Each structure stands twice: as structure tokens, then as C-alpha cells.
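A.B. asks:
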Amino acid sequence: YFFNLHYVLMALVALVVFQMIGGITDFYRSWRGVEFSVELILILKNWSLSFLLTLGFVTLFSDFDLTFRTFIFWYLAVCAGFVVTRSLIRALAGFFRRIGYNKRRVAFAGSLPAGISLLETFRKQPWLGFEVKGIYEDSFSGTYDLELYAGKISDLINEARKGTIDRIYIAMHMRDEVAIKNMVSLLTDSTCSVLYIPVVFTFNFML
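Counting with this note's numbering, you get residues 31 to 237 for the letters of the sequence shown.
(1) Quick one: give me the first and last residue of the beta strand (DSSP E) that Ile200 is part of.
(2) Count the other CB atoms, across all protein chains shown, that sit within 10 Å of the CB of Phe138; report buried if there are 16 or more and exposed otherwise.
(3) Which parts of the segment 157 to 209 are runs of the beta strand (DSSP E), unbroken and 3 residues or longer, counting only runs that do not cross its ends?
(4) Give the straight-line distance between the Cα atoms of Leu70 and Ala44, rounded to the nearest whole angstrom.
(5) What is the DSSP secondary structure of Arg120, reduced to helix, strand or coil?
(6) Roughly how many angstroms lie between the CA atoms of Phe160 and Asp175, to the nearest whole one?
(7) How long is the line joining the alpha carbons of Ser60 and Gly124, rounded to whole angstroms?
(8) Where Thr84 and Ile54 are concerned, what is the direct C-alpha to C-alpha distance, given to the nearest angstrom?
(9) Are the Cβ atoms of Arg127 and Pro156 separated by less than 9 Å?
(10) Less than 8 Å between C-beta atoms, sequence neighbours within five positions excluded: which residues of the same chain meet that for Phe48?
(11) Once DSSP output is grouped into helix, strand and coil, what is the label at Phe81?
(12) Between which residues of its own chain and Glu171 is the CB-CB distance below 6 Å, once the five residues before and five after are set aside?
(13) Take every Cβ of the segment 141 to 154, pair it with every Cβ of the segment 104 to 122, and state whether three or more of those distances are shorter than 8 Å.
(14) According to DSSP, simplified to helix, strand and coil, what is Ser220?
(15) State buried or exposed for Leu149, treating a residue as buried only when at least 16 other CB atoms are found within 10 Å of its CB.
(16) If I follow the unbroken beta strand (DSSP E) through Arg135, where does it start and stop?
(17) Cα separation between Phe103 and Ser215?
(18) Going by C-alpha distance, which of Thr194, Glu189 and Val224 is nearest Met202?
(19) When the Cα atoms are used, what is the spatial distance from Val113 to Phe57?
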């Protein structure tokens, strides 16, 4: 009982530390659209730091008489558990999204390369659950396939107000600030989310 109690206490300390680190590193967010390797690396980094801090806490108390082999086994077992569980979560989420559950209808305003790159990612990875409506801009820029052109900005605003678009990514230059502000202002009475894609962007900013 004494031995088991120490295990439980150590696990609780590790859990608390892991939760705190997860909050600091913004782990508890949507990983939709982010590569699995990025998610996995972050969770293993968080666990490694949590493990080291817990180990430091345990060494302060002489009552904890646990072997080095026990700590190594615990660390590796949790790492394996994270890999397996996160893989299963991704697989299940991808399956349900493929059959239409929790899909997001997205559209792009403007045609900056960063926006087109993100659009192609969504199209090539249907398991992410993003249904791309197309690119909206007042005139076809010619920097992408014509089939992706969905209409003018006014068409986009009308679609958003009808509720047929869940999320809009703005891929326009900052020099078009006035047009961007006007568009966002006209979208305030819609239910869709509006996100701006800067020239240099990260998935963490957008998703």
C-alpha cells in the first residue's frame, strides 16, 4: 500500500505539471490542419519537461525509494501511450470528417500565395474536414486554376450571410487595408469566422 501510494502521488504531480505546461505551450487547442508530427513533437516535449520536473520534486523527499528502471519504464510507457492515443484520435477524427461529420465550409478572399498554399493543403487532405468553396476576388488574378474562382467579394459576403460558409480566410495584401476593413464590417452580421493570413503565417495563428 505504501509503495502504491507513492506511485499515485507521483502520477498526480506529473499530471498537474503536464496540464500547466500544456496551457503555457498552447497545447490544448484545435490541431485541425496541423501536421501530426508537429503535434506529436510538442506533446513529447511537454511530457519530457513534466517528467524531469516531477523527478526533481520526487528527489526532495527521501521517502520515495523508486529505482531508475522504474522511472525509465514510466517515461517510455507514457511516450508510447501518447503516440498510440493521438494516432487513434487522428484516425477517428479523419474517418468521421470523411463521412461528413464536423465539416467546415471555408472560402478564401484574395489570392496571395500563402492563401493558395493553404487552400491546396485543405483540398489534398480531405480528412481535415474542410470543404473549400473557392477563391473570391473582384477580378480573376490568373495565379491559380480558373476552376477555383468562385466569384466576387460581394458574392462571398452574400454567401456568408446565407450561412453557407463557416470560415473565411483573407489572403490579401496589407495595402488593401481599406477593402479588408469594409469586407469585415459587412460580415459582422454573419455567423462565419474571419481570419487573416499574413504573408508570413503559421497554422497556429489560423486554426
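For each residue, glycine too, the CB sits at the ideal point set by N, CA and C. The model shown is predicted, which means the values in this text are computed figures rather than measured ones.
C.D. replies: Looking at the coordinates:
(1) Arg197 to Ile200
(2) buried
(3) 160 to 166, 179 to 181 and 197 to 200
(4) 18 Å
(5) helix
(6) 19 Å
(7) 14 Å
(8) 17 Å
(9) yes
(10) Asn76, Trp77 and Ser80
(11) helix
(12) A small correction: the amino acid at residue 171 is Ser; Glu does not occupy that position in the sequence shown. Taken in chain order, the residues that qualify are Ser141.
(13) no
(14) coil
(15) buried
(16) Arg134 to Ala139
(17) 56 Å
(18) Val224
(19) 15 Å
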